[in-house]
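Numbering (this note's numbering), first residue to last: 728 to 1061.
Below is one structure; the comments refer to it alone.
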Amino acid sequence: MTTASPLQYVAKPARPNPAAAPAEGARWSVAEIEALFALPFLDLMFRAQEVHRAHFTAGEVQRSTLLSIKTGGCSEDCGYCSQSARYHTGLERERLMPLEEVLERARAAKDNGSTRFCMGAAWRSPKEKDLAAVIEMVREVKKLGLETCVTLGMLDAEQAKLLAAAGLDYYNHNVDTAPERYAEIVTTHTLQDRLDTIEKVREAGINVCSGGIVGMGEDQTGRAGLIAQLANLTPPPESVSINKLIPFPGTPLADGGELDPFDFVRTIAVARITMPESFVRMSAGREQMSDELQALCFMAGANSIFYGERLLTADNAEAGDDLRLFERLGLVSI
Ligand code: SAM
Ligand code: SF4
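Take a look at the structure:
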């Protein structure tokens, strides 16, 4: 039996009409990605598996730990975020965590099998003094033998260079939703601001981690628009974070929107097919997912998870449950 090569899928006549052709310079049109979403579930999963196995060792899953090093009190108005100072979410603000405490958490993450340590701060962008402290954290965490990732908001070129010089491996900056929808969700900065930061991070030689949130009331076209803008970055992010909205009381998206769990799996599969060489991470919202749903996400090509009890301000899946799930599914941590 012959099967289509996963890479041929892009080139074969999957474009339903000329209007679906990608814009100049873009590798994927929204319509092409919608066509992937519209495939029968089993066909989509099969294609995602093909692509996954052509680029990664099946069953290997990278584990990252995420720590909030500065919590709450953020000036921005991202409609999903419990850390915005504009919403009454009951979250207690915390100052920047001292270096020693960060290192204690990093050592524990390493002992628990994480290979990457991600540090998140609720800032629009870091001030000079704060960046100096984070740079120290990056240097010290690296000395423990962990990969480092930080998410600090918007950066200018100089800040990106300073982080690169400290040896930072990844910078996370999510595009969060389809371009058409961004201004509905956030008004205090623009999508272009986010894209500019991603470009500066790239130019500084740091790997990019970027992704978005699904379940914010978008339709399948909205999810296709999100994936298209990630897949059309040049190159696509090395690490793609797919979050499921955690609706926080007090935020404008507290009532979020319904999301069929299979549409979450479809989003992972479409990310895998369109970004074959990227790590695709199941991020926020995993705590609410059954083991069976997570297994489908791994089949769809997810090969990275956040591991540990907390995800910035939200609970995460229990580490012990994750280990049992890895064992039950024969997954190997890398
Ligand atoms: N201030 C920095 C920034 O915005 O990039 C870093 C922290 S911010 C909390 C990091 C990411 O967490 C957001 O871009 C978003 O994708 C995700 N996130 C925040 N709140 C979320 C929620 N309620 N549900 C799902 N994902 C969320
Ligand atoms: Fe601030 Fe980041 Fe939350 Fe937006 S997502 S409010 S920038 S912490």
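Where a beta carbon is used, it is the ideal one built from N, C-alpha and C, also for glycine.
Quick caveat: nothing in here was measured; it's all calculated off a predicted structure.
Quick check: does the Cβ of residue i come within less than 8 Å of any heavy atom belonging to the ligand SAM?
i: Gln810; result: yes
i: Gly786; result: no
i: Leu882; result: no
i: Glu803; result: yes
i: Asn934; result: no
i: Phe975; result: yes
i: Asn839; result: no
i: Tyr814; result: no
i: Thr792; result: no
i: Thr994; result: no
How is residue i classed by DSSP in three states: helix, strand or coil?
i: Asp883; result: coil
i: Asp903; result: strand
i: Glu759; result: helix
i: Lys739; result: Interpretation of Lys739 is limited by its pLDDT of 31, a score under 50 that renders its predicted location unreliable; the figure taken from the coordinates is listed afterwards. It is coil, neither helix nor strand.
i: Ile933; result: coil
i: Thr1001; result: helix
i: Met943; result: coil
i: Gly952; result: helix
i: Thr878; result: strand
i: Gln919; result: helix
i: Gln810; result: coil
i: Ile862; result: helix
i: Gly847; result: strand
i: Asp1048; result: helix
i: Phe699; result: Residue numbering for the chain in the displayed model covers 728 to 1061; residue 699 lies beyond these limits and cannot be assessed.
i: Phe1053; result: helix
i: Val928; result: helix
If I measure Cβ to Cβ from residue i and keep anything under 6 Å in the same chain, skipping five residues before and after, which residues do I get?
i: Asp903; result: Gly939, Ile940
i: Ala884; result: Lys927
i: Ser809; result: Thr816, Leu818, Phe975, Thr1040
i: Ser852; result: Gly880, Met881
Ignore the nearest five residues each way along the sequence and tell me which others in residue i's own chain have a CB closer than 8 Å to its CB.
i: Leu986; result: Val941, Gly942, Lys971, Leu972
i: Pro906; result: Leu918, Gly952, Gln956
i: Gly1057; result: Gly786
i: Thr798; result: Gln810, Leu818, Glu819, Arg820, Glu821, Ala849, Leu1039, Thr1040
Please return the same chain residues whose Cβ sits closer than 7 Å to the Cβ of residue i, not counting the five positions on each side in sequence.
i: Thr729; result: Caution is warranted here: a pLDDT of 36 is assigned to Thr729, below 50, making its placement in the model unreliable, and no coordinate value can be reported.
i: Thr1001; result: Trp755, Ile760, Ile954, Ala958
i: Pro988; result: Leu1020
Answer with yes or no whether the minimum CB distance from residue i to chain B is below 9 Å.
i: Arg950; result: The structure shown contains no chain B, having only a single protein chain.
Pull up the DSSP beta-bridge partners for residue i, would you.
i: Phe852; result: In the sequence on display, residue 852 carries Ser and not Phe. According to DSSP, which records beta bridges pairwise, Ser852 is partnered with nothing at all.
i: Arg790; result: Ile1032
i: Tyr897; result: Cys876, Asn934
i: Met1009; result: Ile969, Ile1032
i: Val1059; result: Glu787
i: Lys797; result: Ala848
Return yes when the C-beta of residue i is under 8 Å from any heavy atom of the ligand SF4, and no when it is not.
i: Ala1069; result: In the structure displayed, the chain extends from 728 to 1061; residue 1069 sits before or after that span and is not available.
i: Val865; result: no
i: Val861; result: no
i: Val941; result: no
i: Val902; result: no
Checklist entry - Is the stretch 906-914 close to the stretch 870-881, with three or more CB pairs under 8 Å? => result no
Checklist entry - Between the stretch 770-788 and the stretch 990-1006, do at least 3 Cβ pairs fall closer than 8 Å? => result yes
Next on the checklist: With a threshold of 8 Å, are at least 3 pairs of Cβ atoms found where one atom belongs to the stretch 782-794 and the other to the stretch 826-843?
Outcome noted: yes
Next on the checklist: Under 8 Å: do the stretch 888-903 and the stretch 929-939 share three or more Cβ pairs, one atom per stretch?
Outcome noted: yes
Next on the checklist: For the structure I just gave you, are there three or more beta carbon pairs, one from the stretch 1016-1030 and one from the stretch 973-982, closer than 8 Å?
Outcome noted: no
Checklist entry - Touching or not, the stretch 860-868 and the stretch 824-837, by the rule of three or more beta carbon pairs under 8 Å? => result yes
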